[in-house]
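Line order of the protein sequences matches chains X and E.
Residue numbering for the first sequence follows our numbering, beginning at -19 and increasing consecutively.
Residue numbering for the second sequence follows our numbering, beginning at 93 and increasing consecutively.
All C-beta atoms, glycine included, are put in the ideal place defined by N, C-alpha and C.
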Amino acid sequence: GQSLEQPSEVTAVEGAIVQINCTYQTSGFYGLSWYQQHDGGAPTFLSYNALDGLEETGRFSSFLSRSDSYGYLLLQELQMKDSASYFCAVRKGGGKLIFGQGTELSVKP
Amino acid sequence: GAVVSQHPSWVICKSGTSVKIECRSLDFQATTMFWYRQFPKQSLMLMATSNEGSKATYEQGVEKDKFLINHASLTLSTLTVTSAHPEDSSFYICSARDEAGTQYFGPGTRLTVL
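Quick look at the structure:
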């Protein structure tokens, strides 16, 4: 089978740094993606790691360790608008995405 | 950037009726589109992979006769929920994959079955 584990919720204050972890068990792994979703909206692509290491895109960074089946999303300089659900998703063959359960991030003033 | 649209954005129907949801890639050709379902406060669950000109591939546990998928062109895939029941009420999201392999998500369709 396949499974992805991520925390259900995280709370942080404006300006802080938060890390959302994701562990996965799957076959046919091509890479790990991260998506942001605001209430009632579509998922928005944030980052993708196919190889081990850190990918940085502005305030967001994502890390992958294939040997540990582990990745994380790092959000820096948190803003109120970052309050949303964050999903890790394993990319499999043919472009299929298998999503984790999501982490609800609440940013407080 | 690439845009994917869905129509309708929301629909309310009576139990037993069928509902068709369209997914269009507006500025690129998508040989592959995906359909997801998301219940409140839950994850996106992949329902099926739709390939242009061929039959859709359904994930385990998804009834192909209930969720009819047609991908007649490189920019359009449709999902028809047949004989909808209240338990089919959900947020249905499509995504379209471009030639580079990047997936773009549609805005979703909220289906409510009374």
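Under 8 Å between C-beta atoms of residue i and residue j
i: residue 199 of chain E; j: residue 98 of chain E; result: yes
i: residue 154 of chain E; j: residue 203 of chain E; result: no
i: residue 83 of chain X; j: residue 23 of chain X; result: no
i: residue 55 of chain X; j: residue 39 of chain X; result: yes
i: residue 0 of chain X; j: residue 53 of chain X; result: yes
i: residue 47 of chain X; j: residue 29 of chain X; result: no
i: residue 161 of chain E; j: residue 135 of chain E; result: no
N-terminal and C-terminal residue of the beta strand (DSSP E) that residue i is part of
i: residue 170 of chain E; result: 168 to 173
i: residue 116 of chain E; result: 111 to 117
i: residue 104 of chain E; result: 102 to 105
i: residue 203 of chain E; result: 201 to 205
i: residue 99 of chain E; result: 96 to 99
i: residue 88 of chain X; result: 83 to 88
i: residue 71 of chain X; result: 64 to 71
i: residue 103 of chain X; result: Residue coverage of chain X in this structure runs from -19 to 89, which leaves residue 103 of chain X outside it and unanswerable.
i: residue 140 of chain E; result: 136 to 143
i: residue 51 of chain X; result: 50 to 55
i: residue 123 of chain E; result: Per DSSP, residue 123 of chain E belongs to no beta strand (DSSP E) and is neither H nor E.
Status (buried if at least 16 other CB within 10 Å, exposed otherwise) for residue i
i: residue 125 of chain E; result: buried
i: residue 102 of chain E; result: exposed
i: residue 289 of chain E; result: A query on residue 289 of chain E cannot be resolved here, the shown segment of chain E reaching from 93 to 206 and no further.
i: residue 104 of chain E; result: exposed
i: residue 7 of chain X; result: exposed
i: residue 95 of chain E; result: exposed
i: residue 32 of chain X; result: exposed
i: residue 34 of chain X; result: exposed
i: residue 185 of chain E; result: buried
i: residue 19 of chain X; result: exposed
i: residue 147 of chain E; result: exposed
i: residue -7 of chain X; result: exposed
i: residue -18 of chain X; result: exposed
i: residue 76 of chain X; result: buried
i: residue 117 of chain E; result: buried
Closest by C-alpha distance to residue i, when choosing among the options
i: residue 109 of chain E; options: E:175, E:94, E:184; result: E:175
i: residue 119 of chain E; options: E:189, E:205, E:201, E:206; result: E:189
i: residue 80 of chain X; options: X:37, X:14, X:21; result: X:14
i: residue 171 of chain E; options: E:159, E:179, E:180; result: E:159
i: residue -10 of chain X; options: X:33, X:76, X:64; result: X:64
i: residue 59 of chain X; options: X:88, X:5, X:-1, X:3; result: X:88
i: residue 67 of chain X; options: X:47, X:20, X:12, X:-2; result: X:12
i: residue 115 of chain E; options: E:156, E:151, E:165, E:130; result: E:165
i: residue 69 of chain X; options: X:16, X:-5, X:-8; result: X:16
i: residue 50 of chain X; options: X:9, X:61, X:26; result: X:9
i: residue 196 of chain E; options: X:48, X:5, X:25; result: X:25
i: residue 177 of chain E; options: E:205, E:138, E:147; result: E:205
i: residue 156 of chain E; options: E:168, E:140, E:201; result: E:140
i: residue 62 of chain X; options: X:47, X:76, X:85, X:75; result: X:85
i: residue 132 of chain E; options: E:201, E:182, E:193; result: E:182
i: residue 152 of chain E; options: E:130, E:111, E:137; result: E:137
i: residue 78 of chain X; options: E:127, E:100, E:123, E:112; result: E:127
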